[in-house]
Structures are given as C-alpha cells and as structure tokens.
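Chains as they are written, first to last, in our numbering: chain W, 2 to 312; chain S, 2 to 312. I have placed the structure first, in the form of structure tokens, so that the comments after it can refer back to it.
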DNA sequence: CGTTCCTCTGCTCATCTGAGCAGAACCCTG
DNA sequence: CAGGGTTCTGCTCAGATGAGCAGAGGAACG
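Next comes the structure, spelled out in structure tokens:
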C-alpha cells in the first residue's frame, strides 16, 4: 500500500471514525507517529478538506494577507456564497458585525450611501452603539426618510445605535460650480461638512464607473458623462468623486461641483471602513486600497483574491 | 455575539489558523473548555465539514452499517465521483484493492465476467497473488483471449496473480436443455464446473434485467425474452441466472439451459465477493445481498444508501 | 567498498485536549 | 421569592498529540 493510499485510510479512520492515532496505528500496522505524520501530509496535499460552512464564516488567511500587503488596520473577508445574489448581504452583515464590535465604540460616524450601505444599516442590531452621531459624508438622493434613500441609511444606523442622524441637505453633484459654492457657504451645510470631515470613523462604499451608477439613476450624471469619465480613465467613484486607477480625481471641474467630504479628508480619518462586494467593483476596490483611502476593508473572497494578485 | 457565531470564529481559528484551544480562548475571551465545547457543537451542527477528497476514499460508516444490516463478512463503499462515468472505475479499483489485500491469499478464484470484471482485472496490480488459479464460474462470450471477453478477464486476473486461468468452454445459455446436458457431461467441462464450485473465493457481478444485458448483446437472449422475464418478476441475473426480488429463479426451464455454478453452490462458498456499481443495478444488488448470495460487497455510495433504506 | 549525505523511523517530553464532575447560574413553577 | 430542576461553567486528571531529536537505513559518489 503506497503512502498516499495510507493517508486516505488514516484520514478516514481519524476524521470519519474518530479513532485515536494509536488505534489507527495498531489497525494499519504502523506506529502512531507515522499516523500523525500521514495526517499532516494528508492535510497538506488536500486529501483532507476542512471547510467552515456558514453564512458568517470568514477567510482569516486572506484577511491577514490583505492587512499586510496594503498596510491596513484590519480586513474582513467572507466566502462567496453559492448564490451570487447573496454576496452583498453577507458582506453587509460582516460589515455590521465589524461595526458593532468596533472599540472604541464610534461616537461620530460619517457614512456614504447606496445599496451596500442600506444593507449594512439593515444588518445592524439594535444597540450596536450607544448614542452615536451619524453624519452623511456626501450629498445624495431623496431628503425624506423613505427606505433606501441616503437619508434613511444614516437614520437607520443612528437609530439602531441609539443616536441621531445629521443629514446633508444637498444633491450629490450640482450642475454649476456657483450653486455648489452657494450651498457650501450655507452655515448649516458647512457645519455638517465639517462635522463629517472630523468624524473619527468613516463607513463608505464605492461604485464602478458604469451606466448602472446611482448618479445616473438619480439624474446627477448622464450615461454620456460616465462614458467620458471612463475615457479619461475613471474606474469608479467614492463619496461621489470619480477617480482613476491611481486614485487621482479624473475631472477636477466635475469634482468641484460635488458636495461632500473630499478624499484628502477621508484619507486623514483615523478609521475609515470601506465595504465592497462583487466583481464589478474589483477595479475601484483595488484603487481604494492602493491609494490608502481606507484603513479597514470589508469584502468578499473573490475581491480579496483579486486584490492579492500581482497586477 | 451569539453562540453560533462564536462557533464559527472558534472553528476558523482552530482549523484554518491552527491555533490551540488555549490561544483561541484568550483571543475571544472565553475559557479553553468552552472553546472545546464550541468546536464539538460546530462539528455536530455541520458548521465544520470535513471531507476526504480522493479517488480511493471510502465510506467506512456505510460499510459498517451494511455489514451489520446484511450480516456480511465485509463491505467496501466508495464515494460517487463527480463524473458519473468514473464510478465503475472507482468501484473496480476498490475491488482490486480488496482482492489484493485478501488474507489468506486466494488459491482458487471463481469469476464471472462483464464490464465490471474487466475493469477489476485491469485494476489489479501485478503480483496481487502468488499462483492463483482463476476458474470461470459461468459460460460466456468469445473463447479467444481478446480484450474484454470472458476469457480475457480470467486470463488477466490469473496472469497478474502469477497463476493460470481455467476457461469454461461453453456458451452462457444454450438453446436446448439436451445440448446443455451434453456439454455438462463432457468430462473436461464437468471438472471445470466442479473446480469452480469448490473455489474458496468467488468474484462476481450481476446485471439488471433490461435490454442492455450482455446476454442480449451476445445473442443468448432476445429483448422479448428479457421482457418476459421482467413480466415474471426478474430483477436481474448473476452468473447468467435470472432471479426475482426474493432471490428465486424466475424461469426454471431457462435456468436449466444455463451453464455455470448454480446459486446454491455460490451461496455455500466461504467467500463470495459481489461487485456492483451504478443506479441501474440497485434492485439486483438488493436482491443479492438480501438473499445471502455474497459475503463481501463492493459498491458505490448511492447503491449503499439505497441498500440501507427500509423498503 | 567506504564515506557522506539525506530521509525516515520511533523515541522522549512537554503540551494539548476530552471526559467526567462539582458547584454556579438560570429558569420555571407554585 | 423559595424550591427543584436544568443547563452552564471551570476544574482535575488521564489520555492523546506534536515538536524535536538521535539513530537506522538507504542512495550517491568517489
């Protein structure tokens, strides 16, 4: 009986039959030390596959690699579920878990908005924080508190954290620079932006530069605008600001018309949590981590693997 | 953090990160005993799935159940491979492994023939026995030693076992009883049949009662004959003899025209190894083990599970 | 054929782990 | 809120396991 077959037999007796290495040795006529060594080899060769099957499982190995490679404070990687639709939900739950476990508990949290943020808000347990102030970090859709809107994200997170939301009463992108300047000069708005910029924790996502963007959906940009941005190298946006693969603003004029915390302020935050799920966002995700725009990354396994590939 | 989530974290640290229960306890702020208990629960709840991935893996649990339920000497169950076509090959290899490991080494081995037997013969290593005599247990196709024929099976097994084959020079089923009697009265033939009947080890398969049968293919039976046999309750044949679900001969007249060891002789053998693979043979397999026609069973996991279902 | 180098084996010993148990904590129920 | 039962917790202790090591065996080479 060759060694590989022996590994299989040993693994079966050990894992399926719960026998001790001693018993297995006696059974197969080998020493118990050899049994131990065969078991190690069986694991190394992948004959024994140990899998943790659970929606909240994580990939600690990938997390460690990401932290090291990109100099992050922390990373959370969840395995991709069987059904591709469920990945956002899983990542969102992981982000919610992370948020709830943050120490020190955040007192002021600046947030972006979008489908991912909505999912995170929904996944947060009541009492995840004690009296947190949630500030919108960039302008956004619908100022009412209807589910899914930018305001509702902040409101839900705040409510579940026993605190209150500070909403930014402004569109994401304005048509004219003058209007943007005017809005920003409003004392309320500028106070909110300052408060957001000073938040010790940011929680944000990014979107790929494509026609499905929420900015198109909400009429801030046209598909032509997006096409032009892509032509100029845009890979996606965060907090409404479109950047290229190197993390630079693609269109400074457009950027001037965008309301919200700017990227330098984000980069300076002591803790910024970037949450991303799905293959469409691999490029923008790479840019975000490469440019040091986040200190904590929450994502799915395929994204993590993509980020760890040399490119 | 609820207990289930804790199980997931503990399992990850234990299996993915190879941490000791002590370390995990320290990390998560729980006692090492709790860690141990959580691991046990995680396994019980199926959060941790341990799988042995190897073409030669076996299902010892199912084997034990089969041995107990059907009073067998031994059973070998291999997991079904991803590609359904490979199951025959795996089962055949398992049968070959079993054969090579038999103690005492068989001196006279009576064999049937068919695709499964051919595969077993091919899977046997050179030197699997020392000077074994391989006798054909039932009449069969092609008396030359062309690959795949009944003779070639016996010849290959014998050759690899350093012995010689004793071929039964007769068709499987004859058209007239008289011819069969005549053949059997030939001294050579009767001596071979006696030698086969006296073999201390039998190695055989069975076929389902359907139009794909080798008997139809070789012209011993017509599809109409098969249909009639099925109508009378036949589930399949072994050694050319068609039996019903209770293990009784379906058509005594047909049986009288069949050349080979009879079922009582098979049942009386000290060791009879029945090898079967594939869903088509579930019924005949059930009959064989139910009727005590084999003492050792080699099969695939789906067949084993089918056999263990109450019916 | 001897020497060297490498691998493999079975050992000791320290550490890790699971079984079993006693006390603590919890939860019904009256 | 007391009593009785159940579950949970952390302990002891024995048994199981892995790290590291010394010697055996075996191949490669001069």
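From the three backbone atoms N, C-alpha and C, an ideal C-beta is built for every residue, glycine too.
Distance from residue 194 of chain W to residue 158 of chain W at the Cβ level is roughly 19 angstroms; contact not present, criterion being Cβ atoms closer than 8 angstroms.
When secondary structure is reduced to three states using DSSP, residue 83 of chain S falls in the coil class, being assigned neither helix nor strand. Neighbours of residue 49 of chain S in chain W, taken as residues whose beta carbon is under 7 angstroms from its own, are 51, 53 in chain order. In this structure the segment 5 to 24 of chain S does not lie against the segment 99 to 115 of chain W, because fewer than three pairs of beta carbons, one per stretch, are closer than 8 angstroms. For the segment 16 to 31 of chain W, the beta-carbon criterion of a distance under 9 angstroms to any beta-carbon of chain S is satisfied by 16, 17, 18. With respect to the C-alpha of residue 31 of chain S, the residue from S:17, S:8, S:216, S:244 having the closest C-alpha is S:8.
For the segment 54 to 87 of chain W, the residues whose beta carbon sits under 7 angstroms from a beta carbon of chain S are, in order, 54, 55, 57, 58, 59, 61, 62. Contact between residue 244 of chain W and residue 236 of chain W holds, since their C-beta atoms are separated by about 7 angstroms, short of 8 angstroms.
DSSP places residue 209 of chain S in the uninterrupted beta strand (DSSP E) bounded by 207 to 209.
Taking every protein chain shown into account, the CB of residue 34 of chain W has fewer than 16 other CB atoms within 10 angstroms, so this residue is exposed. Annotation: Cβ neighbours of residue 9 of chain S in chain W (cutoff 7 angstroms, chain order): 53, 55, 57, 58. Between residue 151 of chain W and residue 197 of chain W, the C-beta gap is not smaller than 9 angstroms, which leaves the two residues out of contact. In the three-state DSSP reduction, residue 302 of chain S falls in the helix class (H, G or I). Counting the other Cβ atoms within 10 Å of the Cβ of residue 287 of chain S gives 16 or more, which makes it buried.
Counting other Cβ atoms within 10 Å of its Cβ, residue 162 of chain W reaches 16 or more and is therefore classed as buried. Using a Cβ distance threshold of 9 angstroms, residue 98 of chain S and residue 77 of chain S count as a contacting pair.
Excluding five sequence positions before and after residue 296 of chain W, the CB atoms of its chain that fall closer than 7 angstroms to its own CB belong to 73, 74, 272, 273, given in chain order. Looking only at W:114, W:69, W:251, W:249, the smallest Cα-Cα distance to residue 216 of chain W is reached by W:114. Taking a cut-off of 8 angstroms for Cβ pairs, the segment 166 to 173 of chain S and the segment 128 to 136 of chain S touch, as three or more such pairs fall below it.
In the structure shown, the three-state DSSP call for residue 276 of chain W is strand. Bounds of the beta strand (DSSP E) holding residue 136 of chain W are 134 to 137.
Within the same chain, 79, 276, 278, 299, 300, 301 come within 7 angstroms of residue 92 of chain S by CB-CB distance, once the 5 residues on both sides are set aside. Taken atom to atom, the span from the alpha-carbon of residue 86 of chain S to that of residue 60 of chain S is near 19 angstroms.
For the 9 angstroms CB-CB criterion, residue 207 of chain S and residue 285 of chain S form a contact.
Chain-ordered, the chain S residues with CB closer than 7 angstroms to the CB of residue 6 of chain W read 57. Rounded to the nearest whole angstrom, the CA to CA distance from residue 268 of chain W to residue 238 of chain W is 15 angstroms. For the segment 87 to 99 of chain W, no residue has a beta-carbon sitting nearer than 7 angstroms to a beta-carbon of chain S.
Judged by beta-carbon spacing, residue 290 of chain S lies within the 9 angstroms limit of residue 71 of chain S, meaning their Cβ atoms are closer than that value. Here residue 248 of chain W is not bridged, per DSSP, to any residue.
Distance from the CA of residue 222 of chain S to the CA of residue 94 of chain S, rounded to the nearest whole angstrom, comes to 30 angstroms.
In this structure, W:226 is the residue among W:103, W:306, W:226 with its C-alpha nearest to the C-alpha of residue 174 of chain W.
No residue range can be given for residue 14 of chain S, since it is assigned to no alpha helix (DSSP H) and is classified by DSSP as neither H nor E. For residue 305 of chain S against residue 67 of chain S, the beta-carbon gap comes to about 6 angstroms, under 8 angstroms, which counts as contact. Residue 165 of chain S is bridged by DSSP to S:134. Identification of chain S residues near residue 13 of chain W by a Cβ-Cβ cut-off of 8 angstroms yields 53, 58, 59, 61, ordered along the chain.
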